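Peer 1: Mind looking over this structure? Questions follow.
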Amino acid sequence: MKIERVELLHVAIPLVSPFRTSFGTMTTKDTFLLRVVTDVAEGWSEFAADPEPLYCSEFVAAAELVLEHHLVPRVTPEVTAAEVAHRTEAIKGHKLAKAALETAILDAELRSFGMSIGTFLGATATKVPAGVSVGIKNSIPELISDVEGYLAEGYARIKLKIEPGWDVEPVRAVRERFGDILLQVDANTAYALADAEHLRGLDEFGLLLMEQPLDEDDIRGHSLLAQRIRTPICLDESITSARDAATAIALDACRVINVKPARVGGYLEARRIHDIAVAHGIPVWCGGMLETGIGRGPNLALAALPGFVLPGDVSASRRYFAEDLTEPFELQDGFMHVPAGPGIGVEPIPETVKRFTTATKVLYPRD
Ligand code: OSB
Ligand code: MG
3 MKIERVELLH VAIPLVSPFR TSFGTMTTKD TFLLRVVTDV AEGWSEFAAD PEPLYCSEFV
63 AAAELVLEHH LVPRVTPEVT AAEVAHRTEA IKGHKLAKAA LETAILDAEL RSFGMSIGTF
123 LGATATKVPA GVSVGIKNSI PELISDVEGY LAEGYARIKL KIEPGWDVEP VRAVRERFGD
183 ILLQVDANTA YALADAEHLR GLDEFGLLLM EQPLDEDDIR GHSLLAQRIR TPICLDESIT
243 SARDAATAIA LDACRVINVK PARVGGYLEA RRIHDIAVAH GIPVWCGGML ETGIGRGPNL
303 ALAALPGFVL PGDVSASRRY FAEDLTEPFE LQDGFMHVPA GPGIGVEPIP ETVKRFTTAT
363 KVLYPRD
């Protein structure tokens, strides 16, 4: 496949409500899309990180530079999706930028065969149960009202963002009010191993899992924490490759894995993590990064693989945006449908993309 053009489109799309986590508050999805034009088809993807390196070390401006100067030159003009990781291996890190590049190329390639990404990855379901990630609120009544709304919409699982000062009490309040719902928490690295006794206070609430309590590079800490609490530990930020997943499993640092394709360099590596986890009997679920429809479509396909046995952070478009860049994804009886069309299975709506685009840059050919 011959790449003829690579464009980067900066987009800024307001969120329906601010999303607060232990690392900051987001009010806008401020990122870029990649559009790859080839001799056979066109492909699209979405960069998953934000303008500031708060969730991970990558951020929009850095990704733009690394794509322009270091990644795109290594894959043009002739490449296949399967070769992208190897061609860009010499460039350290930048997994989310690499994922965006690989995904746009994969989309174009699959479209040229008329194959969906679900079929390509080995998806076995046509719809997947949807969870929703609920940010840190100003008060418990506000939290209860938001959770009530999501449950009324049909979400199959609630994830509460936690941080020191917003953990045991909100979890207790939600558990007491809503009874036996599927409930889990995500700390985004906000705790230290010294907080083990405090975190043990969450054990009584029967949580499905506790996501990423400690620093991303603290595999040993998670392994020690796992010996002191009953709630299963799930890793998100710590797992950036299939090797990381194998290491964390071998060291008993997690009993569940959140698979985010962007964080691990793309869908091909995400599938390897799925395979390793299945081989070890470790349940996985599909994480999210407040994606627009362009990132959500392929995430739903991944979530339809057989090892994805827990509901993912794959919510409906309206949970995030008043207007999405694709046809909106809707929740139906607690499930999200997996797009079945060729490639990533979704089409950016040209007029909408244009309206939300704040700047465009041609990364290839360079003048
Ligand atoms: O840690 O899972 C996370 C959003 C942005 C960055 C990190 C995370 C999240 C979420 C939201 O929890 C998941 C979603 O609904 O997309
Ligand atoms: Mg997380």
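With this note's numbering applied, the sequence shown closes on residue 369, and no number is skipped along the way. Glycine residues also receive a C-beta, built at the ideal position from the N, C-alpha and C atoms. Predicted model, so just to flag it, every value in this text is computed and none were measured.
I need the residues with a C-beta less than 5 Å from some heavy atom of the ligand MG; please give them in chain order.
Peer 2: 188, 213 and 238
Peer 1: Where DSSP assigns a beta bridge to residue 288, which residues make up the other side?
Peer 2: As a first step, residue 288 is located in the sequence shown; it is residue number 286 there, counting from the start. Residue 288 is bridged to 261.
Peer 1: What's the C-alpha gap between residue 166 and residue 361?
Peer 2: Residue 166 sits at position 164 when you count from the first residue of the sequence shown. Residue 361 sits at position 359 when you count from the first residue of the sequence shown. Taking the straight line from one Cα to the other gives about 39 Å.
Peer 1: Can you tell me the Cα-Cα spacing of residue 235 and residue 343, whole angstroms?
Peer 2: Within the sequence shown, residue 235 is the residue found at index 233, counting from 1. Within the sequence shown, residue 343 is the residue found at index 341, counting from 1. Answer to the nearest angstrom: the Cα atoms are 36 Å apart.
Peer 1: Which residues mark the beginning and the end of the alpha helix (DSSP H) in which residue 2 is found?
Peer 2: Outside the modelled stretch of the chain, which goes from 3 to 369, sits residue 2, for which no answer is possible.
Peer 1: Considering only heavy atoms of the ligand OSB, does any lie closer than 7 Å to the CB of residue 293?
Peer 2: Locating residue 293 in the sequence shown gives position 291, where the first residue counts as 1. Relative to the ligand OSB, the nearest heavy atom lies less than 7 Å away from the CB of residue 293.
Peer 1: Is residue 57 near the ligand OSB - that is, is its Cβ less than 7 Å away from at least one heavy atom of it?
Peer 2: Taking the first residue of the sequence shown as position 1, residue 57 is located at position 55. Correct: residue 57 has its Cβ closer than 7 Å to the ligand OSB.
Peer 1: Tell me whether residue 364 is buried or exposed, calling it buried when 16 or more other Cβ atoms sit within 10 Å of its Cβ.
Peer 2: Residue mapping note: residue 364 aligns to position 362 of the sequence shown, counting from 1. Per the 10 Å Cβ criterion, exposed.
Peer 1: Pull up the distance between the alpha-carbon of residue 356 and that of residue 35, whole angstroms please.
Peer 2: As a first step, residue 356 is located in the sequence shown; it is residue number 354 there, counting from the start. As a first step, residue 35 is located in the sequence shown; it is residue number 33 there, counting from the start. If you take the alpha carbons of residue 356 and residue 35, they lie about 11 Å apart.
Peer 1: Count the CB pairs spanning the segment 25-45 and the segment 57-67 that are closer than 8 Å, and state whether there are at least three.
Peer 2: yes
Peer 1: Below 8 Å on the Cβ atoms is my guess for residue 224 versus residue 211; work out the distance and round it to an integer in Å.
Peer 2: For the purposes of this step, residue 224 is identified with residue 222 of the sequence shown, where counting begins at 1. For the purposes of this step, residue 211 is identified with residue 209 of the sequence shown, where counting begins at 1. Actually they do not touch by this definition, with Cβ atoms about 12 Å apart.
Peer 1: Taking only the alpha-carbon atoms, compute the straight-line gap between residue 171 and residue 17 and give it to the nearest angstrom.
Peer 2: For this step, residue 171 is matched to residue 169 along the sequence shown. For this step, residue 17 is matched to residue 15 along the sequence shown. Each residue's alpha carbon lies about 27 Å from the other.
Peer 1: When you compare each of 248, 255, 113 and 164 to residue 23 by their alpha carbons, which one comes out closest?
Peer 2: As a first step, residue 23 is located in the sequence shown; it is residue number 21 there, counting from the start. Ranking the options by Cα distance to residue 23, first place goes to 164.
Peer 1: Only counting the same chain, and skipping five residues up and downstream in sequence, which positions put a Cβ closer than 6 Å to that of residue 372?
Peer 2: Nothing about residue 372 can be read from this structure; the chain reaches only from 3 to 369.
Peer 1: In angstroms with no decimal places, state the Cα-to-Cα distance between residue 124 and residue 367.
Peer 2: Start at 1 with the first residue of the sequence shown, and residue 124 comes out as number 122. Start at 1 with the first residue of the sequence shown, and residue 367 comes out as number 365. In a straight line, the C-alpha of residue 124 is about 34 Å away from that of residue 367.
Peer 1: Quick one: complete alpha helix (DSSP H) runs, 4+ long, within the segment 213-253?
Peer 2: 221-230 and 244-252
Peer 1: Report the three-state DSSP secondary structure of residue 32 (helix, strand or coil).
Peer 2: Working through the sequence shown from its first residue, we reach residue 32 at position 30. Strand at residue 32.
Peer 1: Are the beta-carbon atoms belonging to residue 158 and residue 195 less than 8 Å from one another?
Peer 2: Taking the first residue of the sequence shown as 1, we reach residue 158 at position 156. Taking the first residue of the sequence shown as 1, we reach residue 195 at position 193. No, these two residues do not count as a Cβ contact at 8 Å.
Peer 1: Could you pull out every residue in the same chain whose Cβ sits closer than 6 Å to the Cβ of residue 116, ignoring the five residues on either side in sequence?
Peer 2: Translated into the one-based positions of the sequence shown, residue 116 becomes position 114. Answer for residue 116: 344, listed in chain order.
Peer 1: Under the three-state reduction of DSSP, which class applies to residue 15: helix, strand or coil?
Peer 2: Taking the sequence shown and counting its residues from 1, the one referred to as residue 15 is at position 13. Note: residue 15 maps to strand in three-state DSSP.
Peer 1: By how many angstroms is the C-alpha of residue 102 removed from the C-alpha of residue 48?
Peer 2: Along the sequence shown, one-based indexing puts residue 48 at 46. Along the sequence shown, one-based indexing puts residue 102 at 100. Looking at the two C-alpha atoms, the distance is approximately 6 Å.
Peer 1: Would you report the Cα separation of residue 277 and residue 302, rounded to the nearest angstrom?
Peer 2: Along the sequence shown, read from residue 1 onward, the residue named residue 277 stands at position 275. Along the sequence shown, read from residue 1 onward, the residue named residue 302 stands at position 300. In this model, residue 277 and residue 302 are separated by some 17 Å (Cα to Cα).
Peer 1: Three-state secondary structure (DSSP) at residue 142?
Peer 2: Sequence index remark: in the sequence shown, residue 142 carries index 140 (1-based). Residue 142 falls in the helix class under three-state DSSP.
Peer 1: When the distance is taken between beta carbons, is residue 333 closer than 8 Å to residue 358?
Peer 2: Position 356 of the sequence shown holds residue 358. Position 331 of the sequence shown holds residue 333. In this structure, residue 333 does not lie closer than 8 Å to residue 358 by Cβ.
Peer 1: Pull up the CB-CB distance for residue 279 and residue 296, whole angstroms please, since I reckon it's below 8 Å.
Peer 2: Taking the first residue of the sequence shown as 1, we reach residue 279 at position 277. Taking the first residue of the sequence shown as 1, we reach residue 296 at position 294. About 26 Å separates the Cβ atoms of residue 279 and residue 296, ruling out a contact at the 8 Å cut-off.
Peer 1: Could you check which residue in 288, 315 and 265 has the C-alpha nearest to that of residue 58?
Peer 2: On the sequence shown, position 56 is the one that residue 58 refers to. Comparing Cα-Cα distances from residue 58 to each of 288, 315 and 265, the minimum goes to 265.
Peer 1: How would you label residue 244, buried or exposed, when you count the other beta carbons within 10 angstroms and need 16 or more for buried?
Peer 2: Residue numbering aside, residue 244 sits at position 242 when the sequence shown is read from its first letter. Burial of residue 244 is indicated by the presence of at least 16 other C-beta atoms within 10 angstroms of its C-beta.
Peer 1: Whole angstroms are fine: how far does the CA of residue 369 sit from the CA of residue 286?
Peer 2: Translated into positions along the sequence shown, residue 286 becomes position 284. Translated into positions along the sequence shown, residue 369 becomes position 367. Going from the Cα of residue 286 to the Cα of residue 369 covers about 44 Å.
Peer 1: Give me whichever residues DSSP pairs with residue 133 in a beta bridge.
Peer 2: Taking the first residue of the sequence shown as position 1, residue 133 is located at position 131. DSSP, once it has assigned bridges, lists 159 as partnering residue 133.
Peer 1: Go to residue 57, then tell me how far its alpha helix (DSSP H) extends in each direction, as first and last residue.
Peer 2: By one-based count along the sequence shown, residue 57 stands at place 55. Under the DSSP assignment, residue 57 falls outside any alpha helix (DSSP H); it carries neither an H nor an E label.
Peer 1: Under the rule that 16 or more other beta-carbon atoms within 10 Å means buried, what is residue 186, buried or exposed?
Peer 2: By 1-based counting over the sequence shown, the position of residue 186 is 184. Per the 10 Å Cβ criterion, buried.
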